[in-house]
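Numbering follows this note's numbering, with no gaps: position 138 of the sequence shown is 308. Using N, Cα and C, we set each Cβ at its ideal position, and we do this for glycine too. Keep in mind it's a predicted model, so treat the numbers as computed, not measured. In what follows, a structure is listed as structure tokens, so that the remarks can point back to it.
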Amino acid sequence: MNFCEPPWTGGEAVLYCQDEDLTSKQLYRDKFKLFMCNFLLPHFLINKNTRHMLYKTGLHSYCPAAKKYGSGPPKNCRVYDPNQKPKSTIENWFTKEMFYDLFPKANLGWGPHKCLPYSYEAFVIAARYFPDFGTTYPEEEMKEVHTRRDVAAFFAHAVQETGENNAHLYKLGLNNDELTDEEAGDCFYRGGFYNWFEGGPISMFLTTDDPGFTPESGERCRSAGRYCANNSLLNYFYPCKGDRTEGDLYTGCYFGRGAIQISYNYNYGQFQNWLRLQNITADLLESPNLILTKTDPPLTVMASLWFYMTPQPPKPAMHDIVLGNWNAGERNTRDGYFGPIFGPTSLIINNECGGEDSDEPGGPGESRRIKAFKWFCKYFGVPPGEQKTLSCKSRFHFNLSKLIFFSKKISNLNLK
């Protein structure tokens with residue numbers, strides 16, 4: 171039994187603390203564990219559906235604090251959903267405590283906060299607009315596996331796109347105390363939702379005096395951050411705002427923002443159109459930084475979840491692939507590469523099919539996505555799937571990535 175791991179009998183949750191020979195690395199760490207076990211943890215009641223999740227990794231008490239940027243959250247804000255969407259059943263198993271446990275470094279090191287872009291409130295509101303996320307499953311007996319893997323896939327891509335990704339954790343821990351590989355991994359993959367802007371925390375697309383330490387930093391950008399795709403079709407449907415401000419800065423900036431970095435004018439425009447269908451007004455082509463600053467409802471997580479849940483013809487939605495709602499083609503099916511798998515999602519999000527590195531934490535790209543997916547699956551207590559199904563290496567060949575021209579759901583395309 172792991173330290174403070176809850177035993178599960180008859181579906182009841184009973185938290186207890188195991189007597190250990192306190193030989194851990196620092197005295198204050200031992201005192202912290204004793205405090206958690208004897209005073210704080212007994213106040214939590216966990217049901218059987220969360221048995222694999224919270225507290226299994228010791229609440230990352232050994233993780234070095236993330237570096238903070240900016241001045242932290244504002245004192246007051248109002249975050250709400252004007253449509254008052256009903257609760258999603260994901261809220262029955264994915265709790266606020268889990269969100270805080272998984273993303274302690276969110277928002278440039280300040281942690282989850284409702285007045286900053288990444289919060290449990292923003293996550294829940296976004297999930298209510300996509301009620302299939304983390305709730306649907308093709309097989310009743312595999313319900314827990316499918317729902318947890320769906321959420322694990324989304325979080326894994328967020329680690330690659332906006333994570334702290336501090337490889338130094340594998341060398342040094344708290345107070346220069348070495349971490350085990352498992353401890354380093356627990357700290358590393360808890361770094362998701364760290365950055366707001368592409369290239370953060372100090373984004374090359376922003377100015378040196380305002381490089382991305384507040385959500386409002388993205389109101390202007392350098393020319394490299396415009397990310398304006400031009401042709402006659404795109405100029406008609408998704409025209410870029412071309413206003414130039416003082417100092418050769420632009421307001422029409424469509425570089426990456428949010429959990430999995432929605433990018434380019436065509437994606438901002440498509441998401442804007444989807445919002446309109448939900449009775450939400452947000453002119454993202456005119457004011458793309460609303461992705462980070464709007465709070466009625468908050469869009470930072472919602473934009474990324476929209477991208478995760480929406481098909482990109484000829485490619486299915488990442489969500490559909492993770493649940494097995496796609497056609498892999500005859501050759502891949504013969505090779506056992508089909509059904510509810512993770513591999514093709516790396517192709518869809520960024521055309522990354524380089525495979526997984528053998529070392530830890532490995533490099534960025536598909537390798538990090540795979541390793542993060544494995545970590546979240548372990549956290550949720552579900553299998554990630556066969557190793558060969560975790561990568562898209564040598565499987566598919568598409569030139570377009572992060573490109574959506576229409577939103578009709580197509581989930582059974584023959585991908586050869």
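I need the DSSP call for residue i, collapsed to helix, strand or coil.
i	result
tyrosine 288	coil
glutamine 254	coil
lysine 411	coil
leucine 560	coil
arginine 199	Low local confidence applies: a pLDDT of 44 at arginine 199 is under 50, so the model's placement there is unreliable, and no value is given.
lysine 313	helix
glycine 181	At glycine 181, the pLDDT of 32 sits below 50, so the modelled position is not reliable; the number obtained from the coordinates is stated separately. Here glycine 181 sits in coil by DSSP.
phenylalanine 325	helix
leucine 419	strand
Where residue i and residue j are concerned, what is the direct C-alpha to C-alpha distance, given to the nearest angstrom?
i	j	result
tyrosine 478	aspartate 356	24 Å
phenylalanine 325	isoleucine 518	15 Å
phenylalanine 293	lysine 541	23 Å
asparagine 520	lysine 464	26 Å
proline 531	glutamate 416	42 Å
tyrosine 250	cysteine 285	11 Å
leucine 445	proline 458	13 Å
threonine 480	serine 516	15 Å
cysteine 423	phenylalanine 383	17 Å
aspartate 379	cysteine 391	12 Å
glycine 535	lysine 255	35 Å
phenylalanine 367	cysteine 562	27 Å
valine 315	valine 552	5 Å
phenylalanine 358	threonine 332	12 Å
asparagine 169	alanine 296	Shown here, the chain extends from 171 to 586; a query on residue 169 therefore has no answer.
phenylalanine 300	alanine 337	33 Å
valine 471	proline 510	24 Å
glutamate 309	proline 486	20 Å
proline 514	lysine 266	30 Å
tyrosine 290	proline 243	15 Å
asparagine 262	alanine 399	41 Å
asparagine 435	asparagine 401	12 Å
glutamine 431	proline 234	26 Å
glutamate 389	glycine 426	13 Å
threonine 377	lysine 313	47 Å
proline 554	alanine 452	37 Å
alanine 498	tyrosine 507	7 Å
By the 10 Å Cβ neighbour count, where 16 or more other Cβ atoms means buried, how is residue i classified, buried or exposed?
i	result
tyrosine 406	exposed
leucine 210	Residue placement at leucine 210 is flagged as unreliable, the pLDDT there being 39, under the threshold of 50; the coordinate-derived value follows with that caveat. It is exposed - the Cβ of leucine 210 has fewer than 16 other Cβ atoms within 10 Å.
glutamate 311	exposed
glutamine 440	buried
glutamine 557	exposed
serine 528	exposed
serine 241	exposed
leucine 475	buried
isoleucine 461	buried
aspartate 490	buried
glutamate 522	buried
lysine 245	exposed
arginine 318	buried
glycine 412	exposed
aspartate 418	exposed
Give me the Cβ distance between residue i and residue j, rounded to the nearest whole Å; I'm assuming they're in contact under 8 Å.
i	j	result
phenylalanine 543	alanine 354	Between alanine 354 and phenylalanine 543 the Cβ distance is about 18 Å, and since that is not below 8 Å, they are no contact.
glycine 369	phenylalanine 363	Their Cβ separation, rounded to whole angstroms, is 16 Å, which puts glycine 369 and phenylalanine 363 out of contact at 8 Å.
isoleucine 450	proline 467	7 Å
tyrosine 397	serine 433	6 Å
leucine 349	tyrosine 232	7 Å
serine 373	threonine 305	Not quite, the Cβ-Cβ distance comes to about 34 Å (not below 8 Å), so this is no contact.
valine 329	glycine 361	7 Å
arginine 565	asparagine 502	6 Å
Can you tell me where the alpha helix (DSSP H) holding residue i begins and where it ends?
i	result
glutamine 440	435-447
tryptophan 476	470-479
cysteine 357	351-358
cysteine 547	536-550
alanine 337	Looking at the DSSP string, alanine 337 is not in any alpha helix (DSSP H), and its letter there is neither H nor E.
asparagine 520	514-520
arginine 501	500-504
methionine 268	266-272
isoleucine 260	Neither: isoleucine 260 is in no alpha helix (DSSP H) and is coded neither H nor E.
threonine 463	460-463
Report yes or no: is there a C-beta of chain C within less than 9 Å of the C-beta of residue i?
i	result
lysine 544	Here chain C cannot be found, since the structure has a single protein chain.
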